Amino acid sequence: MALRTNPAKPGLAAAVSSRLSIKAEQFTESVIREMTRLALQYNAINLSQGFPDFPAPDEVKRAAQEAIAADINQYAITWGAKGLRDAIVEKFLRVQGLAFDSEREITVVCGATEGMISSMMAIVNPGDEVIVFEPFYENYGPDAILSGATPRFVKLHPPDWTFDPDELAAAFSPATKAIILNTPNNPTGKVFTRAELEVIRDLCVKWDAFSISDEIYEHMLYDGGEHISIVTLDGMRDRAITISALSKTYSVTGWRVGWVIAAPEITAAIRKVHDFLTVGAAAPLQAAGAVALRMPQSYYETLARDYAARRDRMLGILEGSGFRCFKPKGAYYIMTDISAFGFADDMSFAKYLVKEIGIAAVPGSSFYRNPADGRTHLRFAFCKKETTFQAAAERLAKLRGADLK
Ligand SMILES: Cc1ncc(COP(=O)(O)O)c(C=O)c1O
Numbered sequence: 451m452a453l454r455t456n457p458a459k460p461g462l463a464a465a466v467s468s469r470l471s472i473k474a475e476q477f478t479e480s481v482i483r484e485m486t487r488l489a490l491q492y493n494a495i496n497l498s499q500g501f502p503d504f505p506a507p508d509e510v511k512r513a514a515q516e517a518i519a520a521d522i523n524q525y526a527i528t529w530g531a532k533g534l535r536d537a538i539v540e541k542f543l544r545v546q547g548l549a550f551d552s553e554r555e556i557t558v559v560c561g562a563t564e565g566m567i568s569s570m571m572a573i574v575n576p577g578d579e580v581i582v583f584e585p586f587y588e589n590y591g592p593d594a595i596l597s598g599a600t601p602r603f604v605k606l607h608p609p610d611w612t613f614d615p616d617e618l619a620a621a622f623s624p625a626t627k628a629i630i631l632n633t634p635n636n637p638t639g640k641v642f643t644r645a646e647l648e649v650i651r652d653l654c655v656k657w658d659a660f661s662i663s664d665e666i667y668e669h670m671l672y673d674g675g676e677h678i679s680i681v682t683l684d685g686m687r688d689r690a691i692t693i694s695a696l697s698k699t700y701s702v703t704g705w706r707v708g709w710v711i712a713a714p715e716i717t718a719a720i721r722k723v724h725d726f727l728t729v730g731a732a733a734p735l736q737a738a739g740a741v742a743l744r745m746p747q748s749y750y751e752t753l754a755r756d757y758a759a760r761r762d763r764m765l766g767i768l769e770g771s772g773f774r775c776f777k778p779k780g781a782y783y784i785m786t787d788i789s790a791f792g793f794a795d796d797m798s799f800a801k802y803l804v805k806e807i808g809i810a811a812v813p814g815s816s817f818y819r820n821p822a823d824g825r826t827h828l829r830f831a832f833c834k835k836e837t838t839f840q841a842a843a844e845r846l847a848k849l850r851g852a853d854l855k
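So, in structure tokens, the structure goes:
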């Protein structure tokens, strides 16, 4: 994603001259999905977009097949089939220890993507500011523009991707409507600690702001890391909006089923936005989602263990090829530092990699408001099977000793 103008002050000239939406003109197409298209064009191994290339669990796929065979093929209730909403509540209670009312506090949506835009459209008014940690998942920039929010960016500083509490405090003001949080984090692999979440909580309470927490990587945690949902902290029960999805945890990114957990008043607004945006997520896949969410604890343990092994495999490949890596504590991406390769910027190196080496990765600039801030970074996804790692290792080995100038 690249923002074309300062979203705080959309250019008046654009407004006058444009035939099309001023909002749509303010951002470009997704860089991540563009890299996927380039990967196809050059027959490159796609380590850009975050989708697994291994199968989804059999029992989840079977549940979807059975749901279609049983003719669960018409609209579900707009805010989600009751069976799935109940399963979401049960799982959240089991994992995070907090109870919600499936009748009034859950909205099933078309992926975490819709969860974020529906939530923002449900709470944002013109002039509202929304704080976004940077680097950020590229959708949050356009989400802010489409919902009419003015984003205020606060840096996560490498190598640990910590934020400066004073910088964060300075970003809050009476104009702050919400802070967007993504933990475990894409692209950095950061997992926000309880102490960090408490700092955020204190500021949300002080300024009467919402948190919108994208927790889609909640089960991808390494080295004993713990995922803490900010809604479980004192003072957040009625101001936290929690978003997750089937996509990553059950390797079904194409199913487009996600959910939003929020207090009744917030949920009522989100449900209205959701209804008129999409009506609802696919009914048979919601039925299968209820089965997925009731998978035993061992499923999540195996998932985390397998992903830890994939992370280490990918770290070995990248470091062996000359990348400096920021070791992720969660999610399934590795942010790298590419300074050593001597390219002008991340874009030119990403294009070289996809065309000449046959590897697609995401240029770091797509995660920053100001592209220059990401010019020494490239992000690699490691939600891949062993044969993909093997092929990637062979191709990346060509970087060693290559004349890159
Ligand atoms: C942080 C984050 N949120 C949301 C999404 C998209 O989620 P979904 O496929 O459920 O819409 C992604 C996908 O890469 C992501 O990285």
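Each residue of the sequence shown is one higher than the one before, counting from 451 in our numbering.
From the three backbone atoms N, C-alpha and C, an ideal C-beta is built for every residue, glycine too.
None of these values were measured; they are calculated from a predicted model.
DSSP on Ala695, reduced to helix/strand/coil? Taking the sequence shown and counting its residues from 1, one reaches residue 695 at position 245. Ala695: strand per DSSP, three-state reduction.
From the DSSP secondary-structure annotation, give me the bridge partner or partners of Ile630. On the sequence shown, residue 630 is found 180 positions in, with the first residue counted as 1. Beta-bridge pairing links Ile630 to Val582, Ile662.
Please report the residue range of the alpha helix (DSSP H) in which Thr837 lies. What you label residue 837 is simply residue 387 of the sequence shown in a count that begins at 1. Note, Thr837: alpha helix (DSSP H), 836-846.
Out of Ala489, Met566, Ala625, Asp756, which has the shortest C-alpha to C-alpha gap to Ala842? What you label residue 842 is simply residue 392 of the sequence shown in a count that begins at 1. Of the candidates Ala489, Met566, Ala625, Asp756, the one whose C-alpha sits nearest the C-alpha of Ala842 is Ala489.
Comparing the CB of Thr837 with every heavy atom of ligand 1, is any distance shorter than 7 Å? As a first step, residue 837 is located in the sequence shown; it is residue number 387 there, counting from the start. Thr837 Cβ: outside cutoff for every heavy atom of ligand 1.
Can you tell me whether DSSP reads Cys775 as helix, strand or coil? As a first step, residue 775 must be located in the sequence shown, where it is residue number 325. Strand.
Among the candidates Thr557, Pro502, Ile788, Glu751, whose CA atom is the shortest distance from the CA of Lys834? Indexing the sequence shown from 1 puts residue 834 at position 384. The option with the nearest alpha carbon to Lys834 is Pro502.
Backbone secondary structure at Ala671 - three-state DSSP: By 1-based counting over the sequence shown, the position of residue 671 is 221. Correcting the residue type first, residue 671 is Leu in the shown sequence and not Ala. In the structure shown, Leu671 sits in a strand (DSSP, three-state: E or B).
Does the beta carbon of Ser597 fall short of 7 Å from some heavy atom of ligand 1? In the sequence shown, residue 597 corresponds to position 147, counting from 1. Not under cutoff, so the answer is no.
Taking Ala520 and Ala738 to be in contact with their CB atoms under 8 Å, please state how far apart those CB atoms are, rounded to whole angstroms. Reading the sequence shown from its first residue, position 70 is the one you call residue 520. Reading the sequence shown from its first residue, position 288 is the one you call residue 738. At roughly 11 Å, the Cβ-Cβ gap does not stay under 8 Å, so Ala520 and Ala738 are not in contact.
Same chain, Cβ closer than 6 Å to Val804, five either side skipped, listed in chain order: For this step, residue 804 is matched to residue 354 along the sequence shown. Closer than 6 Å at the Cβ level, and outside the excluded window around Val804, lie Leu488, Tyr492, Ala494, Ala810.
Going by beta carbon distance, what residues of the same chain come within less than 6 Å of Gln499, once the five residues before and after it are set aside? Along the sequence shown, read from residue 1 onward, the residue named residue 499 stands at position 49. So the qualifying residues of the chain are Ile482, Thr486.
Report the option in Thr600, Ile650, Val710, Ala599 whose CA atom is closest to the CA atom of Asp614. Here residue 614 is taken as the residue at index 164 of the sequence shown, counted from 1. Checked all of Thr600, Ile650, Val710, Ala599; the closest Cα to Asp614 is Ile650.
Assigned secondary structure, Pro601 (DSSP; H/G/I helix, E/B strand, else coil): Within the sequence shown, residue 601 is the residue found at index 151, counting from 1. Looking at Pro601 - three-state DSSP - the assignment turns out to be strand.
Do the CB positions of Glu584 and Tyr783 come within less than 8 Å of each other? As a working note, residue 584 is residue 134 in the sequence shown. As a working note, residue 783 is residue 333 in the sequence shown. For Glu584 and Tyr783, no; Cβs fall outside 8 Å.
Say whether the stretch 758-772 touches the stretch 618-638, bearing in mind that this needs 3 or more beta-carbon pairs closer than 8 Å, one atom from each stretch. no
Roughly how many angstroms lie between the CA atoms of Pro601 and Ala732, to the nearest whole one? In the sequence shown, residue 601 corresponds to position 151, counting from 1. In the sequence shown, residue 732 corresponds to position 282, counting from 1. Looking at the two C-alpha atoms, the distance is approximately 32 Å.
Residues of its chain near Glu588, where Cβ-Cβ distance is below 8 Å and the 5 sequence neighbours each way are ignored: Position 138 of the sequence shown, counted from the start, is the residue given in the question as residue 588. Cβ neighbours of Glu588 beyond the five flanking positions: Met451, Ser480, Val481, Ile482, Ser816, Phe817.
Would you tell me roughly how many angstroms separate the C-alpha atoms of Ser679 and Thr692, rounded to the nearest one? Within the sequence shown, residue 679 is the residue found at index 229, counting from 1. Within the sequence shown, residue 692 is the residue found at index 242, counting from 1. Straight-line Cα distance between these residues: approximately 8 Å.
At a cut-off of 7 Å, would you count Ser697 as near ligand 1, judging by its Cβ distance to the nearest heavy atom? In the sequence shown, counting from the first residue as 1, residue 697 sits at position 247. Ser697 Cβ: within cutoff of ligand 1.
Residues of its chain near Pro813, where Cβ-Cβ distance is below 6 Å and the 5 sequence neighbours each way are ignored: Sequence index remark: in the sequence shown, residue 813 carries index 363 (1-based). The answer, listed in chain order, is Asp796, Met797, Ala800.
Just the Cα atoms here: how many angstroms apart are Glu806 and Ile767? On the sequence shown, position 356 is the one that residue 806 refers to. On the sequence shown, position 317 is the one that residue 767 refers to. Looking at the two C-alpha atoms, the distance is approximately 18 Å.
Are the CB atoms of Tyr590 and Ile629 within a distance shorter than 8 Å? To locate residue 629, count along the sequence shown from 1; it is residue 179. To locate residue 590, count along the sequence shown from 1; it is residue 140. Contact flag unset, no.
In this structure, how does DSSP classify Met571 when only helix, strand and coil are distinguished? Counting from 1 along the sequence shown, the entry for residue 571 is found at position 121. The answer is helix: DSSP assigns Met571 an H, G or I state.
How far does the beta strand (DSSP E) with Arg706 in it extend, from its first residue to its last? Position 256 of the sequence shown holds residue 706. That residue, Arg706, is in no beta strand (DSSP E); it is neither H nor E in DSSP.
Inter-residue spacing [alpha-carbon to alpha-carbon] between Gly561 and Ser694: Translated into the one-based positions of the sequence shown, residue 561 becomes position 111. Translated into the one-based positions of the sequence shown, residue 694 becomes position 244. Each residue's Cα considered, the two are about 8 Å apart.
Tell me the rounded alpha-carbon separation between Arg687 and Asp508. In the sequence shown, counting from the first residue as 1, residue 687 sits at position 237. In the sequence shown, counting from the first residue as 1, residue 508 sits at position 58. So the alpha carbons of these two residues sit roughly 36 Å apart.
Let me check you understand the geometry: is the CB of Tyr750 closer than 7 Å to at least one non-hydrogen atom of ligand 1? Here the question's residue 750 lines up with position 300 in the sequence shown. Checking the Cβ of Tyr750 against ligand 1 gives no.
Do Thr528 and Asp725 count as a contact pair if the criterion is CB distance below 8 Å? Here residue 725 corresponds to residue number 275 of the sequence shown, with the count starting at 1. Here residue 528 corresponds to residue number 78 of the sequence shown, with the count starting at 1. In contact: Asp725 and Thr528 (Cβ atoms closer than 8 Å).
When DSSP labels each residue in this structure, what does Ala463 get in the three-state scheme? Counting from one through the sequence shown, the residue named residue 463 turns up at place 13. For Ala463, the predicted structure reports a pLDDT of 43, less than 50, and the residue's modelled location is therefore unreliable. A value from the coordinates is still provided. Ala463 falls in the helix class under three-state DSSP.
Neighbour-count burial assignment, Lys779, 16 or more Cβ in a 10 Å radius: Here residue 779 refers to the residue found at position 329 of the sequence shown. Its Cβ being crowded by 16 or more others within 10 Å, Lys779 is buried.
Could you tell me whether the Cβ atoms of Gln736 and Gly565 are closer together than 8 Å? Indexing the sequence shown from 1 puts residue 736 at position 286. Indexing the sequence shown from 1 puts residue 565 at position 115. No; because the gap between Cβ atoms is not below 8 Å, this pair is not in contact.
Opposite Ala690 in the DSSP bridges: which residues? Reading the sequence shown from its first residue, position 240 is the one you call residue 690. DSSP lists Ser661 as partners of Ala690.
Helix, strand or coil: how does DSSP classify Met745 here? Here the question's residue 745 lines up with position 295 in the sequence shown. Note: Met745 maps to coil in three-state DSSP.
For Val681 and Ala690, I'd like the C-alpha separation in whole angstroms. To locate residue 681, count along the sequence shown from 1; it is residue 231. To locate residue 690, count along the sequence shown from 1; it is residue 240. Going from the Cα of Val681 to the Cα of Ala690 covers about 5 Å.
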